[in-house]
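Student: According to full-length UniProt numbering, the first sequence is numbered sequentially starting from 1.
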Amino acid sequence: MSLTTLKPEYQAQEKEIQNTIYQHIDRWDDIVFSAGAGAGKTYALVESLKHIVKHHGRRLSEHNQKVICITYTNAATAEIKERLGDSQLIFVSTIHERLWELIKNHQKPLVAIHKGNLAKKIAEMEHDISTNADPKVEPKFRVYRALSQERRAEFEDIISDKLDIYYRLYDSPANKLRDGLTDVGEQFPDILKNVGNFKKIVDTILRLKKYKACIEKIDSDLDGYTEVRYESRFNRDILHRMIISHDTLLEYGQELVSQYDILKKIIIDSFPYILIDEFQDTNTAVVTIMRQLSAYSSKFGHNFLVGYFGDEMQSIYDDGIGHNLPTIHAGLVSVNKFLNRRSHQEVIDTINKIRDDNTDQKSIYSDCTGGSVEFYAYKKDGRAQIDNSEAVLNFANRYVNLWNISQENKLHCLVLTNKLVATLSKFENVHSGFTGTKYYKRFWDRTNTEVLSTDLTKLGTIPRLFFEIMNFQSKISNPRTPLESIIDRTILENASFDELSTCIKKCQELAGESIGGFVESIFNEYDGSQSSIFSQKVDHMFNGSFKSYDNFYKHVFDELFPNIDTEDESVLESVNKHVSDLLSITLEEFGRWYRFIADQQDSEIEFHTYHGVKGLEYENVIVIMENDFGRNRDKFSSFFMHVGNDTVPEEDKGRAEFMNTKNLLYVSCSRAIRNLRVLYLDDITKFDKGIKSIFHEIHCYPDC
DNA sequence: ACCTTGTGAATTTTT
DNA sequence: TTCACAAGGT
């Protein structure tokens with residue numbers, strides 16, 4: 001056993017650091033607490049909250065004041081609430097929830113800001129149309145720009161007439177849209193030459209119209225236009241319907257705070273302490289709000305404190321404040337912690353080298369050795385026809401015996417993309433089945449949330465439907481599942497024993513190779529009668545929406561391929577093929593997807609993205625790396641060419657891309673408690689020096 | 001030879 | 001949404 005005995009010296013140091021934080025809190029100093037991976041950041045935050053309650057709680061209660069604790073995710077909110085226990089004095093929430101609570105009752109100024117935002121957007125669009133010379137914008141509006149005012153009005157009229165056709169054929173090939181809009185083509189031949197630009201023009205003038213109409217409605221106090229609403233379910237503003245989403249909420253919040261001193265006063269007086277978790281991920285607008293509150297409080301001698309807790313090296317998203325905290329909020333007192341409570345010495349040594357910023361961590365334990373870190377370069381064997389994902393699986397499997405991997409001691413394998421996670425977890429067809437649909441091609445950025453989220457409330461309509469089916473399938477195929485978790489209680493209560501046993505028998509007879517086959521077998525047993533418990537169960541599962549397999553099929557078809565041109569035989573054929581292919585995927589494969597989503601994976605090896613494991617820790621970690629990521633063809637290769645290379649100017653190492661790569665490497669490698677392996681899939685000979693500067697030795701896989 | 005146009009492919013995560 | 005590239009036109 002290791003990592004069991006605390007070093008007295010470091011234990012004392014840890015206590016001292018905590019006391020330093022308390023002293024600053026007691027003196028109302030705004031602070032920034034920085035600590036690397038595994039240092040116990042959340043512990044420090046929770047203890048600080050407890051300190052405030054213990055030493056200042058009575059005063060807070062007397063003045064009816066509260067403490068605000070802001071987290072980055074709902075998951076973190078839950079975690080902190082759990083560690084903190086019940087406290088009436090502390091409001092733990094995400095920034096969005098808290099900010100909306102603070103500003104939602106000030107609708108008058110909020111609507112004024114909203115109106116200003118609409119006006120700003122209108123001005124931007126008018127600028128794009130008429131005078132923007134940006135080579136990316138100008139060509140799109142060139143044809144429209146050449147039209148006279150009268151012709152523009154005529155164009156607008158004819159488009160308004162044809163709106164239904166326009167939207168129906170929006171995603172059809174260019175010629176189809178042209179054919180549908182022949183009237184427009186005849187009167188304005190130039191404008192339909194480039195369909196991409198045409199759509200841009202039409203979308204812009206339509207939006208202009210809506211925004212202008214919205215301003216008029218606000219001015220005349222029309223019903224529904226006297227208040228702004230915050231919509232948290234999707235990240236998209238619908239400004240002309242008075243709906244804002246996450247980013248705009250922060251923007252409005254910042255404007256409101258900076259414009260209205262009375263709001264600053266209200267916040268400071270009600271919430272004298274604000275502690276922020278994971279400050280590196282916090283939006284600039286939020287830090288700006290904090291700075292303004294802090295400045296206001298010192299100007300008028302109010303007691304107020306902001307505490308930032310985090311680690312700039314773990315900033316892996318571009319919209320967070322990252323290392324710019326001191327620039328936006330100057331004058332913070334720094335408290336640092338260079339201890340590590342998570343990993344073995346070998347891992348700590350490696351992550352210290354990655355950081356390379358004179359903040360070397362030391363293990364808090366005296367028995368901290370016993371881990372291992374090795375870097376492997378993958379040497380492709382020309383004869384063996386295996387692809388990268390097979391190589392990854394083979395590599396991982398080597399360690400199953402070596403490290404005694406089991407259900408209880410899992411191996412966690414980190415890769416860069418969800419696509420690869422799906423392939424390695426062996427539900428590639430489910431993933432591609434969804435990403436290949438019209439809906440997920442059009443909204444490709446929704447795929448990860450709607451198809452792969454372990455937060456069930458975020459699943460898309462069809463993924464959710466398939467999840468319910470698989471949930472049912474998995475329960476009936478496990479003989480130990482209690483009846484009431486298969487059949488809803490309201491149905492059970494009114495059932496006779498005879499009816500129930502018929503239902504159970506029917507469930508047992510359900511079969512099918514594929515998910516489509518399984519649903520077909522469900523509808524073979526379904527008769528729609530109220531007396532059949534089985535049919536009631538089916539209605540309950542599908543919300544009564546489907547009475548036959550055809551209903552079900554049509555629903556899947558319509559949701560995944562909305563608004564397709566059903567008149568076109570070839571389109572119809574290819575869409576039908578795609579839907580049946582999706583429904584032909586085996587229950588086994590869908591089962592793996594289901595257990596991934598439900599967080600019930602039974603495999604000894606689990607796959608995750610680098611980004612997805614932030615904040616987590618695992619005994620055994622394999623990090624899979626390659627040159628490219630996203631649009632960047634040489635993200636990691638160029639990082640290793642820079643690192644440990646004295647001829648590269650320092651300013652190059654300060655560039656955003658370099659820092660982001662470094663942070664990703666840091667976050668992924670610092671998840672390991674004991675064993676860490678890195679497997680690099682591309683040729684590393686051009687940057688082996690950089691790799692050696694962090695990992696010492698380069699091993700080869702399968703061999704050199 | 002150069003420009004325009006249309007098509008298809010590409011990341012991660014949170015609220 | 002943004003970018004790269006192929007196809008086709010001038």
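We treat Cβ as the ideally placed atom computed from N, Cα and C, and that holds for glycine.
Return the CA-CA distance between T566 and D164, expressed in angstroms with no decimal places.
Tutor: 15 angstroms
Student: Does the separation of the CB atoms of N576 and R168 fall below 8 angstroms?
Tutor: no
Student: Tell me where the alpha helix (DSSP H) around N429 begins and ends.
Tutor: 428–435
Student: Near Y211, what residues of its chain come up, given a Cβ to Cβ distance below 7 angstroms and the 5 sequence neighbours on each side ignored?
Tutor: L118, K121, I122, L239, H240
Student: So, with DSSP's three-state summary, where would you put C69?
Tutor: strand
Student: Work out the CA separation of Y439 and L560 for me, nearest whole Å.
Tutor: 5 angstroms
Student: What residue range is occupied by the uninterrupted alpha helix (DSSP H) comprising G180?
Tutor: 174–180
Student: Anyone know if the C-beta pair for D281 and G320 falls short of 8 angstroms?
Tutor: yes
Student: Short check: CB of E525 to CB of F534, under 8 angstroms?
Tutor: yes
Student: For H412, which beta-bridge partners are listed by DSSP?
Tutor: According to DSSP, H412 bridges with E606, V621.
Student: Starting from D157, follow the beta strand (DSSP E) in both directions and report where the run begins and ends.
Tutor: That residue, D157, is in no beta strand (DSSP E); its alpha helix (DSSP H) goes 149–161.
Student: By the DSSP assignment, the beta strand (DSSP E) with E697 in it spans what residues?
Tutor: Segment: none, E697 is in no beta strand (DSSP E) and carries neither H nor E.
Student: Quick check on DSSP: helix, strand or coil for R236?
Tutor: Shown here, R236 sits in coil according to DSSP, grouped into three states, outside any helix or strand.
Student: Which one or two residues does DSSP pair with F309 in a beta bridge?
Tutor: F33, D277.
Student: Have a look at A295, N551, K176 and flag the residue whose alpha-carbon is nearest the alpha-carbon of R328.
Tutor: The question names Arg, yet the displayed sequence has Ile at residue 328. Considering only A295, N551, K176, the residue with the shortest C-alpha distance to I328 is A295.
Student: When you compare the CB positions of V373 and I17, do they come within less than 8 angstroms of one another, or not?
Tutor: no
Student: Got a sec, what are the start and stop residues for the beta strand (DSSP E) S334 sits in?
Tutor: 333–337
Student: Pull up the CB-CB distance for G690 and M641, whole angstroms please, since I reckon it's below 8 angstroms.
Tutor: 6 angstroms
Student: Just how far apart, CA to CA, sit L409 and K136?
Tutor: Here residue 409 turns out to be Asn, not Leu, going by the sequence shown. Going from the Cα of N409 to the Cα of K136 covers about 53 angstroms.
Student: By Cβ distance below 6 angstroms, which residues in the same chain neighbour G460 in space, the five residues on each side in sequence not counted?
Tutor: E450
Student: Does the ligand FAD have a heavy atom nearer than 7 angstroms to the CB of T73?
Tutor: Summarising the ligand content, the structure contains no ligands, and the ligand FAD is consequently not present.
Student: Find the nearest neighbour of W593 within the set L483, P463, Q508, judged by alpha-carbon distance.
Tutor: P463
Student: Roughly how many angstroms lie between the CA atoms of Y225 and V143, to the nearest whole one?
Tutor: 35 angstroms
Student: Would you mind reading off the limits of the beta strand (DSSP E) that contains V519?
Tutor: Per DSSP, V519 belongs to no beta strand (DSSP E); it is in the alpha helix (DSSP H), 515–525.
Student: Alpha carbon to alpha carbon, how far is N429 from M1? Give it in angstroms, no decimals.
Tutor: One alpha carbon belongs to M1, the other to N429, and they sit about 42 angstroms apart.
Student: Looking at C-alpha atoms only, which residue of D488, N448, S477, D221 is the closest neighbour of I597?
Tutor: N448
Student: Could you have a look at residue 770 and say whether DSSP puts it in helix, strand or coil?
Tutor: There is simply no residue 770 to check, as the chain begins at 1 and stops at 704 in what is shown.
Student: Here's a check: name, in chain order, each residue in its chain whose Cβ is nearer than 8 angstroms to the Cβ of T28, leaving out the five neighbours to either side.
Tutor: Reading off the sequence, residue 28 comes out as Trp, not Thr. Taken in chain order, the residues that qualify are N303, F304, L305.
Student: Going by Cα to Cα distance, which pick from L256, K108, F198, I158 is closest to L99?
Tutor: Nearest neighbour of L99 by Cα position, chosen from L256, K108, F198, I158, turns out to be L256.
Student: Report the rounded CA-to-CA distance for K108 versus I289, giving the unit in angstroms.
Tutor: C-alpha of K108 to C-alpha of I289: approximately 20 angstroms in a straight line.
Student: Can you tell me whether DSSP reads I328 as helix, strand or coil?
Tutor: helix
Student: Under the assumption that F639 contacts T661 (Cβ atoms under 8 angstroms), give the Cβ distance between them as a whole number of angstroms.
Tutor: The C-beta separation of F639 from T661 comes to about 4 angstroms, placing the pair in contact by the 8 angstroms criterion.
Student: Helix, strand or coil for S474? Go by DSSP, reduced to three states.
Tutor: helix
Student: Compute the distance between the beta-carbons of A112 and R342, then report whether it is under 8 angstroms.
Tutor: no
Student: Let me check understanding here. Comparing Cα to Cα, which of R674, I684, E154, M541 lies closest to residue 709?
Tutor: Within the shown structure, residues of the chain are numbered from 1 to 704, placing residue 709 beyond reach of any answer.
Student: Does the structure place the segment 141–160 close enough to the segment 188–195 that three or more beta carbon pairs sit under 8 angstroms?
Tutor: Yes, they touch.
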